[in-house]
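S.K.: So the sequence lines, in the order shown, correspond to chains Z and R. Its first residue numbered 0, the first sequence is counted upward by one per residue in numbering that gives the first Met the number 0. Its first residue numbered 0, the second sequence is counted upward by one per residue in numbering that gives the first Met the number 0. Where is the CB? At the ideal position from N, CA and C, for every residue including glycine. Values in this document were obtained by computation on a predicted structure and should not be read as measured data.
Protein chains: 2
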Amino acid sequence: MPKFIDHKKRKIQIAEATWRVIVEEGLEHATVRKIAAAAGLSVGSLRHYFASQSELFLFSMELVSERVKQRIEAKNYEGSSKDMLTTFICEFLPVDEERRIEMEVWFVFSAKTLVDPKLSSLSEKVYNEMHEGLATVIYSLPSNRFANDNLDLETEVDRLHTLVDGLALHHMLHPSAFPYDKMIRTLQYHLQSICKM
Amino acid sequence: MPKFIDHKKRKIQIAEATWRVIVEEGLEHATVRKIAAAAGLSVGSLRHYFASQSELFLFSMELVSERVKQRIEAKNYEGSSKDMLTTFICEFLPVDEERRIEMEVWFVFSAKTLVDPKLSSLSEKVYNEMHEGLATVIYSLPSNRFANDNLDLETEVDRLHTLVDGLALHHMLHPSAFPYDKMIRTLQYHLQSICKM
Numbered sequence: 000m001p002k003f004i005d006h007k008k009r010k011i012q013i014a015e016a017t018w019r020v021i022v023e024e025g026l027e028h029a030t031v032r033k034i035a036a037a038a039g040l041s042v043g044s045l046r047h048y049f050a051s052q053s054e055l056f057l058f059s060m061e062l063v064s065e066r067v068k069q070r071i072e073a074k075n076y077e078g079s080s081k082d083m084l085t086t087f088i089c090e091f092l093p094v095d096e097e098r099r100i101e102m103e104v105w106f107v108f109s110a111k112t113l114v115d116p117k118l119s120s121l122s123e124k125v126y127n128e129m130h131e132g133l134a135t136v137i138y139s140l141p142s143n144r145f146a147n148d149n150l151d152l153e154t155e156v157d158r159l160h161t162l163v164d165g166l167a168l169h170h171m172l173h174p175s176a177f178p179y180d181k182m183i184r185t186l187q188y189h190l191q192s193i194c195k196m
Numbered sequence: 000m001p002k003f004i005d006h007k008k009r010k011i012q013i014a015e016a017t018w019r020v021i022v023e024e025g026l027e028h029a030t031v032r033k034i035a036a037a038a039g040l041s042v043g044s045l046r047h048y049f050a051s052q053s054e055l056f057l058f059s060m061e062l063v064s065e066r067v068k069q070r071i072e073a074k075n076y077e078g079s080s081k082d083m084l085t086t087f088i089c090e091f092l093p094v095d096e097e098r099r100i101e102m103e104v105w106f107v108f109s110a111k112t113l114v115d116p117k118l119s120s121l122s123e124k125v126y127n128e129m130h131e132g133l134a135t136v137i138y139s140l141p142s143n144r145f146a147n148d149n150l151d152l153e154t155e156v157d158r159l160h161t162l163v164d165g166l167a168l169h170h171m172l173h174p175s176a177f178p179y180d181k182m183i184r185t186l187q188y189h190l191q192s193i194c195k196m
């Protein structure tokens with residue numbers, strides 16, 4: 000295997016170990032020492048891949064958005080407008096264990112963006128990409144598929160984007176009060192109010 | 000002033016100092032030493048009011064929900080259904096500096112609820128109270144005020160609750176991409192889709 004591929008692969012393994020430590024113990028316990036141990040490396044070896052904790056955190060947060068993007072590109076979008084939107088949006092919701100871990104990591108890093116300019120600038124970029132993605136899907140729907148003629152599409156994109164993040168947040172933080180079924184039902188209900196097919 | 004009032008007042012001052020440290024430096028830097036300094040107290044004096052950092056954090060998170068509740072109870076709810084809902088919901092949105100600080104603190108603590116059972120149980124309680132509050136307002140609207148007869152009120156409450164938290168999150172994390180005006184416009188647009196007056 001060429002060396003640079005091995006290097007990238009090892010960085011990803013370390014980032015995944017970072018996710019595990021964050022999900023199990025919280026961000027304030029995600030020290031370089033603990034992450035190295037979780038990745039089965041010495042602190043010295045970890046430093047070879049990431050010069051600082053800040054660099055490691057940035058890469059670990061970015062990996063979440065990379066994973067989401069890879070899955071979105073690999074998907075087939077078929078069926079009604081509602082089905083296509085659901086397929087797309089489910090990549091941003093904690094619908095299974097894999098996505099739940101990613102969302103938790105993203106959420107924990109998001110709280111840190113309030114005081115960390117590097118993470119904040121990544122978060123801004125990904126926010127805009129997701130917004131663009133939703134806008135592209137909404138604007139590409141044939142006009143006869145909309146539930147009515149009075150929809151303000153720009154505001155519909157804002158409403159859908161905020162709703163999707165609210166759904167993810169509620170199911171992640173309150174899985175008993177807001178279980179999977181409620182999350183999906185609320186999404187379907189909302190999409191039904193926008194698209195008639 | 001009776002002693003127990005003074006005691007409560009001092010606890011609130013310490014909690015407000017905790018908010019400031021969290022908003023300015025992040026939760027992982029909110030040590031007891033730093034908070035004591037921000038409150039103008041010695042660590043020993045702070046320990047007199049809060050035996051542990053965990054107790055202090057719980058009180059500081061709870062103070063956010065107390066403030067929101069106090070304001071909700073003090074408000075007058077007048078005008079159309081849309082106006083009443085807007086007045087109520089704005090207490091859960093970062094519409095000014097005071098509420099922005101509260102929301103940031105709540106958000107940062109929410110990330111910690113994922114690994115902290117005490118904060119998580121407070122968060123669950125407040126989540127249910129807010130849900131109940133929104134449900135009470137929606138269910139109390141006269142049926143002739145709804146935009147149409149096909150609304151599923153239970154799901155409307157879920158949709159409104161997730162949307163409101165999504166709006167707060169987006170404006171707090173991305174104030175340039177999602178400024179105050181967009182937040183309010185999206186809320187008004189959504190309420191318009193539920194209530195015809």
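Using a Cβ-Cβ distance under 7 Å, would glycine 78 (chain R) count as near chain Z?
M.R.: no
S.K.: Taking 7 Å as the CB-CB cut-off, is alanine 29 (chain R) touching chain Z?
M.R.: no
S.K.: How long is the line joining the alpha carbons of leucine 62 (chain Z) and phenylalanine 91 (chain Z), rounded to whole angstroms?
M.R.: 14 Å
S.K.: Identify each residue in the segment 101-126 of chain Z for which the Cβ-Cβ distance to at least one residue of chain R is less than 7 Å, and report them in chain order.
M.R.: Among the residues of the segment 101-126 of chain Z, those with a Cβ less than 7 Å away from any Cβ of chain R are Glu103, Phe106, Val107, Ser109, Ala110, Lys111, Thr112, Leu113, Val114, Ser122, Glu123 and Tyr126, in the order of the chain.
S.K.: Measure the C-alpha to C-alpha separation of phenylalanine 108 (chain R) and leucine 57 (chain R) and round it to an integer number of angstroms.
M.R.: 9 Å
S.K.: In whole angstroms, what is the alpha-carbon distance linking asparagine 149 (chain Z) and leucine 162 (chain R)?
M.R.: 20 Å
S.K.: Please list, in chain order, all residues of the same chain as leucine 152 (chain Z) whose beta carbon is under 7 Å from its beta carbon, the five residues on each side excluded.
M.R.: Ile137 and Tyr138
S.K.: On the CB-based measure, 16 or more other CB atoms within 10 Å of its CB, does aspartate 180 (chain Z) come out buried or exposed?
M.R.: exposed
S.K.: In the DSSP assignment, find the alpha helix (DSSP H) that holds proline 141 (chain R) and state where it starts and stops.
M.R.: Premise fails: proline 141 (chain R) is in no alpha helix (DSSP H) and is neither H nor E.
S.K.: For leucine 172 (chain Z) and methionine 83 (chain R), what's the separation of their Cα atoms in angstroms?
M.R.: 28 Å
S.K.: So proline 116 (chain Z) and methionine 102 (chain Z) are in contact, right, with Cβ under 8 Å, and what is the actual spacing, rounded?
M.R.: With 8 Å as the limit, proline 116 (chain Z) and methionine 102 (chain Z) do not qualify as a contact, their Cβ atoms being about 23 Å apart.
S.K.: What does the Cβ neighbour count give for valine 42 (chain R), buried or exposed, with the cut at 16 atoms within 10 Å?
M.R.: exposed
S.K.: Run down chain Z in chain order and give the residues with a C-beta less than 7 Å from the C-beta of tyrosine 188 (chain R).
M.R.: Those are Asp151, Thr154 and Arg158, listed as they occur along chain Z.
S.K.: Tell me the rounded alpha-carbon separation between glutamate 54 (chain R) and tryptophan 105 (chain R).
M.R.: 16 Å
S.K.: For chain R, check one thing: does any of its Cβ atoms lie closer than 7 Å to the Cβ of aspartate 164 (chain Z)?
M.R.: yes
S.K.: Report, in whole angstroms, the separation of the C-beta atoms of tyrosine 48 (chain R) and isoleucine 21 (chain R), which I expect to be a contact under 8 Å.
M.R.: The pair is not a contact, with the Cβ atoms about 18 Å apart (cut-off 8 Å).
S.K.: Name the residue from Z:Pro174, Z:Arg66 and Z:Pro141 whose alpha carbon lies nearest to the alpha carbon of methionine 196 (chain Z).
M.R.: Z:Pro141
S.K.: What separation, rounded to the nearest whole angstrom, lies between the Cα atoms of alanine 35 (chain R) and aspartate 5 (chain R)?
M.R.: Our two residues, alanine 35 (chain R) and aspartate 5 (chain R), have alpha carbons roughly 17 Å apart in a direct line.
S.K.: Are histidine 189 (chain Z) and phenylalanine 177 (chain Z) touching if we call contact CB-CB under 7 Å?
M.R.: no
S.K.: What's the gap between the Cα of methionine 200 (chain R) and the Cα of alanine 73 (chain R)?
M.R.: The structure shown does not extend to residue 200 (chain R), since chain R spans only 0 to 196, so no value can be given for it.
S.K.: Strictly below 7 Å CB to CB, what residues from chain R border leucine 172 (chain Z)?
M.R.: The contact set of leucine 172 (chain Z) on chain R, defined by CB atoms closer than 7 Å, consists of Ser109, Thr112 and Ser122 in chain order.
S.K.: Rounded to the nearest angstrom, what separates alanine 134 (chain R) and phenylalanine 87 (chain R) at their Cα positions?
M.R.: Between alanine 134 (chain R) and phenylalanine 87 (chain R), the C-alpha separation is close to 12 Å.
S.K.: Can you tell me where the alpha helix (DSSP H) holding leucine 114 (chain R) begins and where it ends?
M.R.: One point to set straight first is that residue 114 (chain R) is valine, not leucine, in the sequence displayed. Where valine 114 (chain R) is concerned, there is no enclosing alpha helix (DSSP H), given that its DSSP letter is neither H nor E.
S.K.: Going by C-alpha to C-alpha distance, which of Z:Tyr126, Z:Tyr76 and Z:Gln52 sits closest to arginine 32 (chain Z)?
M.R.: Z:Gln52
S.K.: Along the chain, where does the alpha helix (DSSP H) containing glycine 165 (chain R) start, and where does it finish?
M.R.: Taken as a continuous stretch (DSSP letters only), the alpha helix (DSSP H) holding glycine 165 (chain R) covers 152-172.
S.K.: Whole angstroms is fine: what's the gap from aspartate 157 (chain Z)'s alpha carbon to threonine 30 (chain R)'s?
M.R.: 38 Å
S.K.: Using a Cβ cut-off of 9 Å, pull out every chain Z residue sitting near threonine 85 (chain R), in sequence order please.
M.R.: Per Cβ cutoff of 9 Å: no residues; threonine 85 (chain R) is ~15 Å from chain Z at best.
S.K.: Of the choices R:Ala167, R:Met182, R:Val114 and R:Asn147, whose alpha-carbon is the least far from that of threonine 154 (chain Z)?
M.R.: R:Met182
S.K.: Report the neighbours of lysine 181 (chain R) on chain Z: residues whose CB is nearer than 8 Å to its CB, in chain order.
M.R.: Asp157
S.K.: Give the straight-line distance between the Cα atoms of threonine 185 (chain R) and threonine 85 (chain Z), rounded to the nearest whole angstrom.
M.R.: 21 Å
S.K.: Quick one: which chain R residues come within Cβ less than 8 Å of threonine 135 (chain Z)?
M.R.: Those do not exist, as threonine 135 (chain Z) stays about 16 Å from chain R at its closest Cβ, beyond 8 Å.
S.K.: Taking Cβ positions only, does leucine 168 (chain Z) come closer than 7 Å to chain R?
M.R.: yes
S.K.: Quick check on this structure: which residue in R:Leu113, R:His160 and R:Ala110 has the alpha carbon closest to the alpha carbon of glycine 132 (chain R)?
M.R.: R:His160
S.K.: Of the residues that make up the segment 8-25 of chain Z, which ones have a beta carbon closer than 9 Å to any beta carbon in chain R?
M.R.: Per Cβ criterion, the list reads Ile21, Val22, Glu23, Glu24 and Gly25.
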